[in-house]
Each structure stands twice: as C-alpha cells, then as structure tokens.
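Written out below as structure tokens is the structure these notes cover.
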Amino acid sequence: MIVRLVDVCNSMRNGFQLVVILFVAFSIQAQTGYQTYKGKVVDEDNRHVLESVNLQVKNTNISTVTNAEGEFTLKVDNDLNTGIVIVSLLGYQPQEISLDAIQNGDTRIELKQQVTSLSEVSLVAFGNAEALVRRVFNDKYNNQLDEPVLMTAFYRETIKKRRRNVSLTEAVVNIYKQPYSSLRRDILELRKARKNTDYRRLDTVAIKLQGGPFSTVFLDVMKYPEFIFTSENIGEYRYEFMTPLTVNNRTVYVVSFTLKDRMDQPHYFGNLYIDTETLALVSAKYELNVGDRKAASRMFVKKKPRDVTAYPLSANYHVDYREKNGKWHYGYGRVNLSFKVDKRGKLFNTTYTLASEMAVTDWEPNPNNTLAKAKDRLRPNVVITDQVSGFSDPDFWGPLNVIEPEKSIESAINKIRRQLRRNGD
1 MIVRLVDVCN SMRNGFQLVV ILFVAFSIQA QTGYQTYKGK VVDEDNRHVL ESVNLQVKNT
61 NISTVTNAEG EFTLKVDNDL NTGIVIVSLL GYQPQEISLD AIQNGDTRIE LKQQVTSLSE
121 VSLVAFGNAE ALVRRVFNDK YNNQLDEPVL MTAFYRETIK KRRRNVSLTE AVVNIYKQPY
181 SSLRRDILEL RKARKNTDYR RLDTVAIKLQ GGPFSTVFLD VMKYPEFIFT SENIGEYRYE
241 FMTPLTVNNR TVYVVSFTLK DRMDQPHYFG NLYIDTETLA LVSAKYELNV GDRKAASRMF
301 VKKKPRDVTA YPLSANYHVD YREKNGKWHY GYGRVNLSFK VDKRGKLFNT TYTLASEMAV
361 TDWEPNPNNT LAKAKDRLRP NVVITDQVSG FSDPDFWGPL NVIEPEKSIE SAINKIRRQL
421 RRNGD
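This is the structure:
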C-alpha cells in the first residue's frame with residue numbers, strides 16, 4: 001500500500017517531485033587535527049534564541065548554522081583555531097567573534113536587530129515590485145556563481161508522529177554544483193549517512209520521504225526557478241514592497257508575493273529578500289496555500305489505499321544564499337510539511353510532521369567539473385535506507401560539520417544508542 005504525497009510544484013510544472021510515501025561543550029581532538037566549538041545565538045534585546053544563523057570562518061568557506069534552539073557546533077582545523085567567525089542573520093547586525101572566545105562550551109552570542117526605513121532605500125529605478133523581481137531573475141548570470149563547484153553539505157530529515165520522533169536520517173553529501181548559467185542539474189553523492197525508523201510506533205502506516213537531500217537542493221530557486229517562477233507565470237503573482245531589512249550590513253529589499261487570482265487553489269506565497277546593491281536573491285521564505293483540502297490532496301496524494309485519507313495541513317519552505325567575492329551561491333534550505341492521515345476504522349486520525357534541512361558546510365572550485373561516478377550518484381527519487389549502526393559511534397561524523405541536533409533529536413539519538421547496546425550491536 002503506497003500513498004505518495006507530491007509537492008504541488010510537480011502538478012504545476014513537470015519538475016522536481018517532493019514525495020512522501022506512506023507504507024501499511026568545547027572539545028579538542030588534537031589527534032584528529034580539528035577542534036570543536038559550541039555555543040548559542042540569541043537576540044540581544046529579548047534573549048530569544050535565533051534559528052538558521054550562519055556562522056562562517058572568515059576568509060574560508062567553512063560554515064554551519066544554528067538549530068531551532070539557537071545552538072551550533074563548528075569544527076575547525078587546528079591550523080585555523082586563531083581565526084574569526086562571522087555570525088550573521090537576516091535583519092540583524094553581523095558580529096565577528098574570535099574562535100578563542102568560543103572555547104567555553106557555554107558561549108552565548110548576542111545579535112542586535114537592525115531596522116532600515118523605506119526612505120533609506122531607493123526604489124526609483126523600479127516602477128513596481130514586479131519589475132524588481134523580473135530583474136533579479138534576468139540578472140542571475142551576473143550575480144550567481146558561474147563555475148562548477150564541489151560542495152560538502154549536511155542533511156537532516158525527521159519524521160514525527162504527533163510530537164514523537166519516529167524516523168531520523170542524517171547524511172553528509174557531496175554536491176557537484178553546476179553553474180547557474182547551465183541547464184544541467186546538480187549531482188549528489190552520498191558520503192556518509194545513518195538512519196533509524198521506529199516502525200513499532202508507526203502502527204500500520206509508515207512514512208518515507210522520497211527525494212532525500214534533493215528535497216532541499218531543489219529549493220535553490222535561482223538554479224531551479226521553474227518550480228515557482230517561470231516566464232509564463234511570473235506575471236500571475238501580485239508583488240508588494242515591504243519594510244526593508246539588512247544582512248551583513250547590506251540593505252535588503254523585502255518583496256511579498258501571492259497569486260493575483262484563483263486564490264482558492266493551491267499556490268505559493270511568501271517573501272523574497274533581495275540585495276539592494278547587486279539585486280541578487282539573498283533569501284526566500286514561502287509556503288503553500290492548502291486551504292482547499294480536496295485540491296491540495298489531489299496535488300499531493302498520487303496513490304493510496306482505499307481506506308486511507310491523507311491531506312496536507314501546511315508546507316513551508318526556506319532557502320538562503322551566501323556571497324563570496326561578489327558571487328552568490330546556495331547555502332541553506334529547509335522544508336517543513338505536515339499532513340493528516342485518517343484510516344477507516346480508527347477512532348482518531350494522525351498528524352505527521354516532516355522536516356528536512358541542508359546546510360552547505362564547505363565548498364571549493366571544481367574547474368574541470370569532475371563528477372561522481374554514475375553508480376555513486378543519488379537519484380532525485382531516492383529513499384535513504386535504514387543504516388542504524390552509525391548511531392552507536394559517538395564520533396561518527398569526525399571532522400565533518402553538522403547542524404547541532406535539537407534536544408528532541410539528541411534524545412532520539414540517545415534512545416537509539418541504548419537500544420543498540422541492549423541488542424549487542
């Protein structure tokens with residue numbers, strides 16, 4: 001029995017499918033040549049934790065992001081341990097902090113909000129917000145990386161049944177990133193992975209996310225604009241200038257977009273964040289309107305058992321770009337999906353939440369565009385198989401940078417380890 005939940009972009013255009021399948025403290029490792037730095041990033045004024053903050057070692061491509069609890073882990077080679085970390089987030093003043101200052105695992109970094117008024121931003125060059133958005137996509141060849149690069153990225157995927165984690169996937173992948181001027185799609189290679197699914201808690205229904213790391217790579221709207229904006233449909237949206245923001249001391253236009261007509265049908269809406277100087281896309285945060293249950297279900301559910309009803313409750317997307325030497329590239333992507341599954345004969349329906357995120361942690365030029373061997377390449381419809389043994393090794397990732405696990409994920413990992421010990425694995 002298979003129920004496939006397909007992202008609406010596939011129904012709107014023949015492109016990427018995001019598919020859900022339902023079946024019945026600071027440490028030094030001198031011997032390994034790297035050091036690990038831990039801390040938390042919060043808002044200076046209200047002390048709220050800050051999520052998706054970018055932390056990058058200055059003059060390198062090494063980076064990581066904070067988790068939903070504002071926590072981070074950053075691994076740096078010993079020869080860089082006197083370096084500087086640039087801490088940045090959209091809407092906040094960036095901060096530079098020495099790695100020496102993070103040597104205490106309890107380090108708390110505070111960022112101050114930075115507000116920009118419309119009067120400080122010139123909109124004279126654009127007759128309206130739509131003209132600006134069109135310019136962003138027309139100028140992408142000038143603003144985006146136009147050379148092949150090899151990226152290292154960390155990917156995490158979680159599935160929850162109600163509030164309980166039932167599946168956890170973590171992986172480090174190589175992304176053979178193709179130039180933004182090329183029609184060739186990016187190639188992914190699995191470098192290291194671990195996965196565990198608690199099938200006992202899934203009762204008769206289990207969930208797998210098809211696409212794996214591709215679910216976040218294809219959020220790169222500058223590389224794959226066809227999933228939201230095409231030359232045919234870009235005029236179907238209503239655009240509006242919002243209050244501008246800043247990132248890394250650069251002013252950013254904020255443009256909201258939503259469908260002009262047929263508002264009852266599933267459609268994307270959200271905000272685009274555009275650098276005022278280069279007109280490069282800095283970030284995009286948007287969601288899918290799933291108010292029409294039947295229509296949304298037709299978009300997502302492609303096959304299901306007769307006694308199962310499934311429909312999406314929400315679909316949220318987030319992509320961030322990083323800048324290096326005047327060129328921008330994909331840096332972070334996140335997808336959050338939730339849906340209800342109702343099985344005939346059961347008294348209560350079940351809410352499932354799926355979250356997948358990817359952070360590029362390092363990259364280097366790939367001038368010869370050397371690619372992974374065909375047999376090692378991940379397919380866009382991949383479902384990563386269970387590989388539970390990796391959870392027994394506390395140093396499984398070694399020097400590879402990862403997104404610090406949140407408390408609930410850390411608890412799930414510890415539970416998996418206890419189970420493995422009981423089983424003698």
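In full-length UniProt numbering, the protein residues as written are 1 to 425. Glycine residues also receive a C-beta, built at the ideal position from the N, C-alpha and C atoms.
- With fewer than 16 other beta carbons inside 10 angstroms of its own, L183 counts as exposed.
- For the pair A129 and Y37, the CB atoms are not nearer than the 8 Å cut-off.
- Judged by their CB atoms, F229 and F218 are not nearer to each other than the 8 Å cut-off.
- DSSP lists F72 and T107 as the beta-bridge partner residues of G39.
- The beta carbons of E96 and I109 sit no closer together than 8 Å.
- Under the DSSP assignment, Y141 falls in the alpha helix (DSSP H) whose first and last residues are K140 to N143.
- By the neighbour-count criterion, in which 16 or more other beta carbons inside 10 Å mark a residue as buried, H48 falls on the exposed side.
- Here the alpha carbon of E236 sits roughly 6 Å from the alpha carbon of K260.
- When secondary structure is reduced to three states using DSSP, T116 falls in the coil class, being assigned neither helix nor strand.
- Just so you know, the alpha carbons of P399 and V76 end up roughly 8 Å apart.
- Separation of the CB atoms of Y199 and Q144 is rounded to 42 Å, and the pair is thereby denied contact status at 8 Å.
- DSSP places P312 within a strand segment (E or B) once states are collapsed to three.
- For N54, the closest alpha carbon among the candidates S411, D342, E323 and P367 is that of E323.
- Per DSSP, the beta-bridge partners of A355 are T158 and N336.
- Counting every other CB atom within 10 Å of its CB across the protein chains shown gives Y34 a total of 16 or more, marking it as buried.
- When beta bridges are read from the DSSP output, Y176 appears opposite L150 and I187.
- Less than 8 Å separates the beta-carbon of Y317 from that of Y286.
- Per DSSP, reduced to three states, the secondary structure at Y199 is helical.
- The count of Cβ pairs closer than 8 Å, one atom from the segment 376–393 and one from the segment 88–103, stays below three, leaving the stretches out of contact.
- Annotation for E44: E110, L111, K112 and Q113 place their beta carbon closer than 8 Å to its own, counting only its chain and skipping 5 residues before and after.
- When Cβ pairs closer than 8 Å are counted between the two stretches, the segment 369–388 is seen not to touch the segment 341–359, the count staying below three.
- With 16 or more neighbouring CB atoms inside 10 Å of its own CB, D320 falls in the buried class.
- Comparing alpha-carbon positions, the option among K343, G331, G326 and V335 lying closest to Y311 turns out to be K343.
- For T385, there is no enclosing alpha helix (DSSP H), as DSSP gives it neither H nor E.
- E364 sits exposed, since fewer than 16 C-beta atoms from the chains shown fall within 10 Å of its C-beta.
- The Cβ-Cβ distance between A359 and F154 falls below 8 Å.
- Excluding the 5 residues flanking it on each side, F126 has same chain C-beta neighbours closer than 7 Å at L132, in chain order.
- Between I187 and R379, the gap from beta carbon to beta carbon reaches 8 Å or more.
- In terms of CA proximity to N59, D362 leads the group N369, D362 and T73.
- When the five nearest sequence neighbours on each side are left out, the beta carbons in the same chain lying within less than 8 Å of the beta carbon of G83 are those of V57, K58, N59, T60, V76, S98 and L99, in order along the chain.
- For L420, the closest C-alpha among the options N196, S231, P367 and A374 is that of N196.
- Cβ-Cβ distances below 6 Å link I102 to Y37 and G39 in the same chain, with the five nearest sequence neighbours on each side left out; the list follows chain order.
- Across the structure, E189 and Y141 are spaced so that their CA atoms are roughly 26 Å apart.
- Of the candidates Y273, F214, Q178 and V173, the residue whose Cα lies closest to the Cα of R194 is V173.
- R164 and H267 have their C-alpha atoms spaced approximately 30 Å apart.
- Scanning M151, A171, T152 and L150 for the CA closest to the CA of I384 turns up A171.
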